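*Asks:* By the working numbering, the letter at position 46 of the sequence shown is numbered 60, and the numbering carries on one by one without gaps.
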Amino acid sequence: MTQPSQPDLHAIEAGLRERRKDILGALYRRLHQADAPDELAMINYFETIDDRAGAASMNETEVAQLQHEMDELRQLDLALARVISGDYGQCAACAEPIGAARLQAEPAATMCLACQAKAEQRAG
Numbered sequence: 015m016t017q018p019s020q021p022d023l024h025a026i027e028a029g030l031r032e033r034r035k036d037i038l039g040a041l042y043r044r045l046h047q048a049d050a051p052d053e054l055a056m057i058n059y060f061e062t063i064d065d066r067a068g069a070a071s072m073n074e075t076e077v078a079q080l081q082h083e084m085d086e087l088r089q090l091d092l093a094l095a096r097v098i099s100g101d102y103g104q105c106a107a108c109a110e111p112i113g114a115a116r117l118q119a120e121p122a123a124t125m126c127l128a129c130q131a132k133a134e135q136r137a138g
């Protein structure tokens, strides 16, 4: 397996930082959308027509999206920490290098393809 070159590593790090910035922006907007009159109007509409299920469904969807974005942010932060520590690109399961193509496709990957496949087989 080919590990990423130094220029590739810098490009991956820049991509991780850019994606992190995008997610932080999305989280900020999502957390502050309750201040938006149109969002409040929709929630108030559901409550006014006594459709608590509709309001609850909207809230559940929002919470699920927030959870997804927070999980991705954690993965990005862990990947950036591995870049800084020099451990980036090393499989957490077998300690072999994670291929450059896999890291470019999935920059937050912690396992090589073989170990990832084994982990998914055990989980599934």
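Built from N, CA and C at the ideal position, the CB exists for glycine as well.
Quantities reported herein were computed from a predicted structural model and do not represent experimental measurements.
Within its chain, find whatever has a CB closer than 8 Å to the CB of Leu87; leave out the 5 residues flanking it on each side and keep chain order.
*Replies:* Arg34, Ile37, Leu38 and Leu41
*Asks:* Based on Cα-Cα distance, which residue from Pro121, Leu92, Glu134 and Cys126 lies nearest to Gln104?
*Replies:* Cys126
*Asks:* Mapping DSSP to helix, strand and coil, what is Pro111?
*Replies:* Look at Pro111 here: in three-state DSSP terms it is strand.
*Asks:* Measuring alpha carbon to alpha carbon, tell me which residue in Glu134, Gln130, Leu45 and Ile98 is nearest Ala109.
*Replies:* Gln130
*Asks:* What distance in whole Å lies between the Cβ atoms of Leu30 and Leu92, which are believed to be in contact at a cut-off of 8 Å?
*Replies:* The Cβ separation is near 10 Å, so there is no contact.
*Asks:* Name the one or two DSSP bridge partners that Gln104 has.
*Replies:* Pro111
*Asks:* Could you check the C-alpha separation between Tyr102 and Arg96 for me, to the nearest Å?
*Replies:* CA-CA distance, Tyr102 to Arg96, rounds to 5 Å.
*Asks:* Taking buried to mean at least 16 other C-beta atoms within 10 Å of its own C-beta, is Gly116 buried or exposed?
*Replies:* Checking the sequence, you will find Arg at residue 116 rather than Gly. So Arg116 counts as buried.
*Asks:* Using beta-carbon positions only, say whether Arg136 and Leu80 come within less than 8 Å of one another.
*Replies:* No, the Cβ-Cβ distance between Arg136 and Leu80 is not below 8 Å.
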